[in-house]
Amino acid sequence: AYGISKIDDLGGLNDWQWIFLLEGLPIIPLGIITFLFLDSVPETVQWLNNVEKNLFLNYLRDDDNVSYIESMPYKRFSLIQLRHTFTNWQLYLYALITTGIAAIVKSFANYLPSLIQDMQLSKLEYHILTIPPYILAFISCLVVGYSSSRRKEHCVHLVLCLLVALVSFILMITMSEQTKVARYIGSCFAASGSFAALPIILSWLTNNVNGHTKRAMSIGFVMFLAQIGGIAAPQHYCVNDRPIYRRGHIISSVVIAITLLLVLTLRYFLARENNRRENLTHDMYKIEAAIEEPCDQKKQFITINSFLSTNLDQTAGLMDALSLEENDDYKLVLFKIEVSTQLTNTKSFTDILRLSRYLDEAEILLMLGVVFRVNIVCG
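According to our numbering, the sequence shown is numbered sequentially starting from 452.
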């Protein structure tokens with residue numbers, strides 16, 4: 452922005468006009484390139500061979516709990532999943548949480564320039580000081596996102612991010628007009644917490660919503676409502692509250708506190724639902740599985756008439772599986788799996804090492820038609 456301000460009046464345009472041009476012009480060729488080379492579905496991609504296409508398709512099937520012999524569900528719009536979308540109580544909690552986080556992110560973008568202006572710096576120093584908060588927020592997004600993905604956990608990470616932002620805003624409420632540097636440092640921490648929380652809540656949403664139609668509609672609905680937070684954000688920090696903006700910080704703190712309560716409420720109800728599913732009997736599970744398009748069912752139980760491979764090389768095993776003929780009596784499923792030994796009515800495993808397709812690994816043949824509870828499943 453500082454560099455662009457130096458080309459004022461170039462070509463008869465003001466510096467703010469150049470900012471919009473330089474940000475917007477690259478999007479046009481990028482959009483054309485994307486349209487020409489990025490296909491909508493893996494089947495039509497020209498730069499993938501058939502094995503690679505099947506790998507991607509099976510990743511999508513795993514993500515949506517679809518067996519390898521079924522067609523991909525994204526090829527059709529499901530009215531049933533659309534109905535499930537807006538009758539799901541989780542959706543509205545996710546939307547409220549995202550709205551609260553978006554409000555803080557948008558309000559910070561309005562507050563930071565005013566804070567730096569009040570520090571009475573040169574134009575160069577002003578532009579330089581706008582950089583660190585966003586760099587810190589960028590690093591926080593990477594670190595928190597990586598940790599959440601590795602640990603397969605969202606709630607604790609989200610709570611910690613919101614607590615960092617909440618403490619930062621509370622500290623800024625107590626600061627005086629002379630503590631400009633301290634308020635700037637507090638703003639950096641507020642940005643790191645609030646910005647890192649946004650991708651976590653969105654990934655939490657997508658992980659807990661199955662079905663391509665339902666997931667797409669849920670994301671769209673949540674982001675639509677989140678824009679309400681963006682509309683309300685500029686009202687938090689008024690010119691009359693300069694230079695401390697105590698009222699804006701109080702509003703931001705209250706919004707974060709409410710968002711924290713909503714996160715804990717969501718986690719409580721999700722834990723209850725997990726506990727309910729953990730205690731489903733075989734008959735209860737079959738009743739729920741009989742629902743047309745049960746798009747939110749997790750892989751708690753499986754009925755398998757084939758191998759479950761513990762092959763560590765998932766890609767190699769899947770490529771070999773793709774060479775098999777599609778047969779309802781022989782479906783190869785590749786998962787690292789641990790089957791609970793505490794369940795009743797489970798039959799013993801059969802030693803089939805002599806029949807193994809992979810001589811350097813152990814395979815388990817499950818007895819035909821038996822339903823097992825899966826404790827650990829990872830692709």
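Glycine included, every Cβ here is placed at the ideal spot set by N, Cα and C.
Distance, residue j Cα to residue i Cα
i                 : j                 : result
leucine 461       : glycine 454       : 13 angstroms
phenylalanine 870 : leucine 499       : One cannot answer for residue 870 here, as it falls past the ends of the chain, which runs 452 to 830.
lysine 504        : proline 493       : 6 angstroms
phenylalanine 486 : serine 529        : 25 angstroms
arginine 718      : leucine 473       : 43 angstroms
leucine 622       : leucine 511       : 46 angstroms
glycine 662       : isoleucine 531    : 10 angstroms
leucine 587       : tryptophan 540    : 34 angstroms
histidine 605     : arginine 728      : 20 angstroms
proline 583       : methionine 626    : 21 angstroms
glycine 680       : serine 704        : 14 angstroms
leucine 656       : threonine 664     : 14 angstroms
methionine 668    : phenylalanine 675 : 10 angstroms
histidine 535     : isoleucine 670    : 14 angstroms
proline 650       : arginine 666      : 16 angstroms
phenylalanine 720 : tyrosine 597      : 25 angstroms
leucine 613       : isoleucine 707    : 7 angstroms
leucine 563       : phenylalanine 589 : 16 angstroms
tryptophan 400    : glutamate 576     : Residue 400 is absent from the model: the chain starts at 452 and stops at 830.
isoleucine 803    : arginine 602      : Residue confidence for isoleucine 803 is low, a pLDDT of 32 falling below 50, so the modelled location carries little weight; the figure read from the coordinates is stated next. The straight-line gap from Cα to Cα measures roughly 34 angstroms.
alanine 553       : glutamine 629     : 29 angstroms
tryptophan 467    : valine 595        : 34 angstroms
serine 619        : asparagine 509    : 45 angstroms
tyrosine 696      : glutamine 571     : 17 angstroms
phenylalanine 507 : valine 496        : 11 angstroms
threonine 710     : glycine 551       : 6 angstroms
isoleucine 479    : cysteine 592      : 28 angstroms
isoleucine 682    : aspartate 692     : 19 angstroms
As assigned by DSSP and simplified to three states, the class of residue i
i              : result
tyrosine 696   : coil
valine 714     : helix
histidine 663  : helix
tryptophan 655 : helix
serine 491     : coil
glutamine 497  : coil
isoleucine 520 : With a pLDDT of 46 at isoleucine 520, under the threshold of 50, the predicted position of this residue should be treated as unreliable, and no value is reported.
leucine 676    : helix
tyrosine 719   : helix
isoleucine 458 : coil
asparagine 505 : helix
asparagine 730 : coil
tyrosine 688   : coil
N- and C-terminal bounds of the alpha helix (DSSP H) containing residue i
i             : result
proline 564   : 540-568
aspartate 466 : 466-475
leucine 533   : 530-537
Integer-rounded CB distance, given that residue j should sit under 8 angstroms from residue i
i                 : j              : result
isoleucine 652    : leucine 609    : 6 angstroms
methionine 585    : alanine 642    : In the sequence as presented, methionine is not what sits at residue 585; that position holds tyrosine. The Cβ separation is near 7 angstroms, so the contact holds.
phenylalanine 646 : alanine 546    : About 19 angstroms separates the two Cβ atoms, so there is no contact after all.
alanine 417       : asparagine 561 : The structure shown does not extend to residue 417, since the chain spans only 452 to 830, so no value can be given for it.
isoleucine 458    : leucine 713    : 46 angstroms between Cβ atoms; not a contact.
isoleucine 624    : isoleucine 701 : 6 angstroms
serine 565        : histidine 687  : The pair is not a contact, with the Cβ atoms about 11 angstroms apart (cut-off 8 angstroms).
aspartate 569     : proline 694    : 4 angstroms
leucine 448       : threonine 716  : No statement about residue 448 is possible, as the shown extent of the chain runs from 452 to 830 and does not include it.
Chain B contact for residue i (CB, 9 angstroms cutoff)
i             : result
glutamine 571 : The question asks about chain B, but that chain is absent: this structure has only one protein chain.
**Prompt:** Which parts of the region 571-638 are runs of the alpha helix (DSSP H), unbroken and 4 residues or longer, counting only runs that do not cross its ends?
**Reply:** Counting only runs of 4+ residues, the alpha helix (DSSP H) found wholly inside the region 571-638 occupies 574-580, 582-602 and 606-625, in chain order.
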